[in-house]
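>
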Amino acid sequence: MVDWLTADEWRAVALSLRVSLWAAVVGLPFGIFVAYALARWSFRGKALLNGIVHLPLILPPVVTGYLLLLTLGRTAPVGRFLDDWFGLVFAFRWTGAALAAGIMAFPLMVRAIRLAIEAVDPGLEDAARTLGAPGPVVFLTVTLPLILPGIVAGAILAFAKAMGEFGATITFVSNIPGQTQTIPSAIYSFLQVPGGDASALRLVAVSVTIAMAALLASEWLSKRIARRIGRA
1 MVDWLTADEW RAVALSLRVS LWAAVVGLPF GIFVAYALAR WSFRGKALLN GIVHLPLILP
61 PVVTGYLLLL TLGRTAPVGR FLDDWFGLVF AFRWTGAALA AGIMAFPLMV RAIRLAIEAV
121 DPGLEDAART LGAPGPVVFL TVTLPLILPG IVAGAILAFA KAMGEFGATI TFVSNIPGQT
181 QTIPSAIYSF LQVPGGDASA LRLVAVSVTI AMAALLASEW LSKRIARRIG RA
């Protein structure tokens, strides 16, 4: 245990890391698929899909959290169905915190991956197809290696965004110490009690450190993308 953090503070940090990791990992396959669809495919409703993907960036986070509560709360139809048939409960659980954080971070992930895909010369993919390679093989052998730094950058940005998510998370899963209390929620709680400033400041330092490290890593990977495709 980090000796300059109290037990309560460390639990908040550990839960935030857990929530953010799951939010980034689970959202990554969907992010790659959506980013590829937006970058390479032409279909009816593409503008609508793009708007839906970026909607969490525009809506107040509390609205997103409330919509999740209306949809996936234990008394909501979808939430009750998932609980009865699959045993999945999101409201007021850490899994709900991961879901809310993942939704809020999803637009950043998609944007980073989409930019990486759009930077790849389509002629390289077309050349592989002319040699008889099917679409999935072209993606795995040509596109994926070129966009891998972008995928990693998108995952890192999503992880960092999930670490800092507050509004949607606290609305959907509340602020339960040891269960749903992430770093932002813990900071909020400490600021509401006398003498909690020191704890809040320590968690702020942890949050800033993680966020800065993620941004620096993302910037470095973005430059790698440019070098790999010869546009640096």
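Numbering-wise (UniProt numbering), the sequence shown opens with residue 1 and increments by one.
Ideal placement from N, C-alpha and C gives every residue a C-beta, glycine not left out.
1) Between residue 90 and the rest of its own chain, which residues show a CB-CB distance below 6 angstroms, the 5 nearest in sequence each way excluded?
2) Cα-Cα, which of 152, 128 and 150 is closest to residue 141?
3) In whole angstroms, give me the CA-to-CA distance for residue 16 and residue 163.
4) Using the C-alpha atoms, what's the distance from residue 153 back to residue 134?
5) Would you call residue 181 buried or exposed, if buried means 16 or more other Cβ atoms sit within 10 Å of its Cβ?
6) Assign residue 74 to one of three DSSP states: helix, strand, or coil.
7) In this structure, how does DSSP classify residue 143 when only helix, strand and coil are distinguished?
8) Roughly how far, in whole angstroms, is the beta-carbon of residue 192 from the beta-carbon of residue 94, given that I think they are within contact range, below 8 angstroms?
9) Look up residue 50 in the DSSP assignment and say whether it is helix, strand or coil.
10) Might you give, ordered along the chain, the residues of its own chain that have their beta carbon closer than 6 angstroms to the beta carbon of residue 165, omitting 5 neighbours on each side?
11) I need the DSSP call for residue 1, collapsed to helix, strand or coil.
12) Less than 8 angstroms between C-beta atoms, sequence neighbours within five positions excluded: which residues of the same chain meet that for residue 38?
13) Under 8 angstroms by Cβ, that's how I've got residue 9 and residue 203 pegged, so tell me the actual separation to the nearest angstrom.
14) Excluding the 5 residues flanking residue 44 on each side, which residues of the same chain have their C-beta closer than 8 angstroms to its C-beta?
15) Could you tell me the alpha carbon to alpha carbon distance between residue 25 and residue 155, rounded to whole angstroms?
16) Just curious, the alpha helix (DSSP H) that residue 287 is in, first and last residue?
17) Output yes or no for whether 7 angstroms exceeds the beta carbon distance between residue 168 and residue 187.
18) Find the nearest neighbour of residue 58 within the set 107, 13 and 33, judged by alpha-carbon distance.
19) Which residues mark the beginning and the end of the alpha helix (DSSP H) in which residue 23 is found?
20) Residue 223 to residue 21, Cα distance in whole Å?
21) Between residue 232 and residue 205, what straight-line distance do the alpha-carbon atoms span, to the nearest angstrom?
22) Within its chain, find whatever has a CB closer than 7 angstroms to the CB of residue 196; leave out the 5 residues flanking it on each side and keep chain order.
Taking the structure as given:
1) 72, 96 and 99
2) Taking only the C-alpha atoms, the option nearest residue 141 is 128.
3) Straight across, the Cα-Cα distance linking residue 16 with residue 163 is about 6 angstroms.
4) 27 angstroms
5) buried
6) In the three-state reduction of the DSSP assignment, residue 74 falls in the coil class.
7) helix
8) Your pair residue 192 and residue 94 does not check out as a contact, with CB atoms roughly 22 angstroms apart and the cut at 8 angstroms.
9) In this structure, residue 50 counts as helix in the three-state DSSP scheme.
10) 101 and 104
11) Unreliable positioning characterises residue 1 in this predicted model, as indicated by a pLDDT of 42, which lies under 50. The coordinate reading is nonetheless provided below. In the structure shown, residue 1 sits in coil (DSSP, three-state: anything other than H, G, I, E or B).
12) 46, 49, 50, 53, 110 and 114
13) 6 angstroms
14) none
15) 7 angstroms
16) The displayed coordinates of the chain run from 1 to 232. Any statement about residue 287 would go beyond what the structure contains.
17) no
18) Considering only alpha carbons, the answer is 107.
19) Counting along the chain, residue 23 sits inside the alpha helix (DSSP H) bounded by residues 7-40.
20) So the two alpha carbons sit approximately 24 angstroms from each other.
21) Here the model assigns residue 232 a pLDDT of 42, short of 50, so the residue's position is not dependable, and the following value carries that caveat. Their backbone Cα atoms lie some 34 angstroms apart in a straight line.
22) 190
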